[in-house]
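Read the structure below first, then the notes.
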Amino acid sequence: MYKSYDRDAIQTDMPMEMQQYVLRCCEEAMKSSQLEREIAFYIKERMKSRYSGLWHCVVGNRFGSAVTHEAETFINLYFGQFAVMLFQAG
Numbered sequence: 001m002y003k004s005y006d007r008d009a010i011q012t013d014m015p016m017e018m019q020q021y022v023l024r025c026c027e028e029a030m031k032s033s034q035l036e037r038e039i040a041f042y043i044k045e046r047m048k049s050r051y052s053g054l055w056h057c058v059v060g061n062r063f064g065s066a067v068t069h070e071a072e073t074f075i076n077l078y079f080g081q082f083a084v085m086l087f088q089a090g
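Residue 71 in full-length UniProt numbering is what sits at position 71 of the sequence shown, and the numbering runs on without skipping anything.
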């Protein structure tokens, strides 16, 4: 059964193609698990595989953050029941 997820980008400097890939990764991750740690790991590994480099992903319901990231690699969004923050650093 296909499940549709609400999605809302809060903040991003990613190119549109990369944003679309992130959304696909989020959907795939949330279809396979509801555990934040597993969702974050899945998204991080998919981004590392496609775009290389050091990616960081935080998934949860409530968190604050202050991060430094590489240009055009940051997105903070709501997807389904979770907030997802993803960025490349280092």
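Note that CB positions come from ideal geometry on N, CA and C, so glycine has one too.
(1) Under a Cβ-count criterion, where at least 16 other Cβ atoms within 10 Å of its own Cβ denotes burial, should Tyr51 be classed as buried or exposed?
(2) Can Thr73 and Phe87 be called in contact, C-beta distance under 7 Å?
(3) Using the C-alpha atoms, what's the distance from Val84 back to Met47?
(4) Rounded to whole angstroms, what's the CA-CA distance from Thr68 to Asn61? Just pull it up for me.
(5) For the candidate residues Thr12, Gly90, Pro15, Glu17, whose alpha-carbon lies nearest to that of Leu54?
Inspection of the coordinates gives the following:
(1) exposed
(2) yes
(3) 14 Å
(4) 21 Å
(5) Gly90
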